[in-house]
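*Asks:*
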Amino acid sequence: MQTLSRHSGINLKEISFQLKLAVSPSGETWRGRWQKNDVVAKILNVREVIPRVTRDFNEEYPRLRIFSHPNVLPVIGCCCHPPSLVVINQYMPFGSLYTVLHEGTGIVVDTAQALKFAIDICRGMAFLHTLDPLIPRLYLSSKHVMIDDDLTARINMADAKFSFQEKGKNVQPSMDVS
Numbered sequence: 001m002q003t004l005s006r007h008s009g010i011n012l013k014e015i016s017f018q019l020k021l022a023v024s025p026s027g028e029t030w031r032g033r034w035q036k037n038d039v040v041a042k043i044l045n046v047r048e049v050i051p052r053v054t055r056d057f058n059e060e061y062p063r064l065r066i067f068s069h070p071n072v073l074p075v076i077g078c079c080c081h082p083p084s085l086v087v088i089n090q091y092m093p094f095g096s097l098y099t100v101l102h103e104g105t106g107i108v109v110d111t112a113q114a115l116k117f118a119i120d121i122c123r124g125m126a127f128l129h130t131l132d133p134l135i136p137r138l139y140l141s142s143k144h145v146m147i148d149d150d151l152t153a154r155i156n157m158a159d160a161k162f163s164f165q166e167k168g169k170n171v172q173p174s175m176d177v178s
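The following block contains the structure:
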């Protein structure tokens with residue numbers, strides 16, 4: 001398996017979309033393959049990909065590429081090919097904590113395992129709160145915590161919202177006052 005590290009722009013044509021995993025108001029999530037690696041690709045639901053949205057996407061997604069903490073699942077790259085904006089991260093075979101707890105994956109979550117998940121999540125969140133500036137629009141829920149092969153809980157950075165995804169946000173054009 002190739003090392004999934006600091007890839008930035010990924011060519012959309014290089015991703016093989018295989019199975020739709022979820023649909024939410026923020027977009028569709030697909031399991032796929034990229035450079036012989038299992039990945040998850042989140043296709044963002046954006047009404048219209050105007051130049052400002054493309055610019056905001058390109059400026060904001062690099063902050064989600066955090067490779068320095070074992071309890072944070074980084075975004076490994078993105079595709080910015082209007083009308084498609086895609087965020088890509090490593091595939092986690094056990095899925096989300098929600099899936100483990102509610103959808104019968106066969107993993108026994110006894111008191112010790114529940115405490116380990118809780119500690120992993122606390123460590124990941126504590127790390128994220130040391131960042132300056134903080135990552136805005138990261139909402140913690142069991143669906144945003146992924147479970148690794150070794151049952152390590154990891155905060156999924158691909159679930160952070162971009163500024164242009166905020167409901168009711170008024171975008172004011174910048175005024176040049178020269």
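Note that the UniProt record's numbering gives residue 128 to position 128 of the sequence shown, counting from 1, and the numbers run on in steps of one. For glycine and all other residues, C-beta sits at the position ideal for the given N, C-alpha and C. These figures come from a predicted structure and were not determined experimentally.
Could you give the C-beta distance for F57 and L85, rounded to a whole number, given that I count them as a contact under 8 Å?
*Replies:* Mapped onto the sequence shown, residue 57 falls at position 57. Mapped onto the sequence shown, residue 85 falls at position 85. Yes, they are in contact, since the Cβ atoms of F57 and L85 sit about 5 Å apart, within 8 Å.
*Asks:* Would you call the stretch 57-74 in contact with the stretch 149-167, where contact means no fewer than 3 C-beta pairs closer than 8 Å?
*Replies:* With a cut-off of 8 Å, the stretch 149-167 and the stretch 57-74 count as touching, because enough Cβ pairs lie within range.
*Asks:* Would you report the Cα separation of G95 and D120, rounded to the nearest angstrom?
*Replies:* Translated into the one-based positions of the sequence shown, residue 95 becomes position 95. Translated into the one-based positions of the sequence shown, residue 120 becomes position 120. Near 16 Å, if we compare the C-alpha coordinates of D120 and G95.
*Asks:* Compute the distance between the beta-carbons of C78 and I10, then report whether it is under 8 Å.
*Replies:* For this step, residue 78 is matched to residue 78 along the sequence shown. For this step, residue 10 is matched to residue 10 along the sequence shown. Going by C-beta atoms, C78 is nearer than 8 Å to I10.
*Asks:* Short of 6 Å in beta carbon distance, which residues of its chain neighbour Q172, apart from the five on each side in sequence? Order them along the chain.
*Replies:* For the purposes of this step, residue 172 is taken as the residue at position 172 of the sequence shown. Because Q172 sits at a pLDDT of 38, beneath the cut-off of 50, its placement in the model cannot be relied upon, and the point is left open.
*Asks:* Strictly by DSSP, which residues pair up with M92?
*Replies:* Counted from its first residue, the sequence shown places residue 92 at position 92. DSSP lists no partner for M92.
*Asks:* Output needed for H81: all residues of its chain with C-beta closer than 7 Å, excluding positions within five of it in sequence on either side, in chain order.
*Replies:* In the sequence shown, residue 81 corresponds to position 81, counting from 1. Correct list, in chain order: L12.
*Asks:* So, for N45: in the same chain, excluding its five sequence neighbours on each side, which residues have a beta-carbon less than 7 Å away from its beta-carbon?
*Replies:* By one-based count along the sequence shown, residue 45 stands at place 45. Here the set comprises P25, S26, G27.
*Asks:* Is it right to say H102 is buried, meaning 16 or more other beta carbons lie within 10 angstroms of its own, or is it exposed?
*Replies:* Indexing the sequence shown from 1 puts residue 102 at position 102. Its Cβ having fewer than 16 others within 10 Å, H102 is exposed.
*Asks:* Ignore the nearest five residues each way along the sequence and tell me which others in K161's own chain have a CB closer than 6 Å to its CB.
*Replies:* Translated into the one-based positions of the sequence shown, residue 161 becomes position 161. Result list for K161: R137, in chain order.
*Asks:* Would you call Y61 buried or exposed, if buried means 16 or more other Cβ atoms sit within 10 Å of its Cβ?
*Replies:* Within the sequence shown, the letter at position 61 stands for residue 61. Counting Cβ neighbours within 10 Å, Y61 comes out buried, since at least 16 surround it.
*Asks:* Taking the alpha helix (DSSP H) that T105 falls in, what are its first and last residues?
*Replies:* Here the question's residue 105 lines up with position 105 in the sequence shown. Run containing T105: none; DSSP gives neither H nor E here.
*Asks:* Are there any heavy atoms of the ligand FAD lying less than 7 Å away from the beta-carbon of G77, as far as the coordinates show?
*Replies:* Absent from the structure shown: the ligand FAD. Ligands present: none.
*Asks:* Considering just the uninterrupted stretch of the alpha helix (DSSP H) at T111, what are its terminal residues?
*Replies:* Within the sequence shown, residue 111 is the residue found at index 111, counting from 1. Segment 111-128, the alpha helix (DSSP H) holding T111.
*Asks:* Please state the DSSP three-state secondary structure of D132.
*Replies:* Locating residue 132 in the sequence shown gives position 132, where the first residue counts as 1. Coil, per DSSP.
*Asks:* Going by DSSP, name the residue or residues bridged to T29.
*Replies:* For the purposes of this step, residue 29 is identified with residue 29 of the sequence shown, where counting begins at 1. The partner list for T29 (beta bridge, DSSP) reads A22, K42.
*Asks:* In whole angstroms, give me the CA-to-CA distance for L76 and R65.
*Replies:* For the purposes of this step, residue 76 is identified with residue 76 of the sequence shown, where counting begins at 1. For the purposes of this step, residue 65 is identified with residue 65 of the sequence shown, where counting begins at 1. This sequence places Ile at residue 76; Leu is not what is there. One C-alpha to the other measures close to 6 Å.
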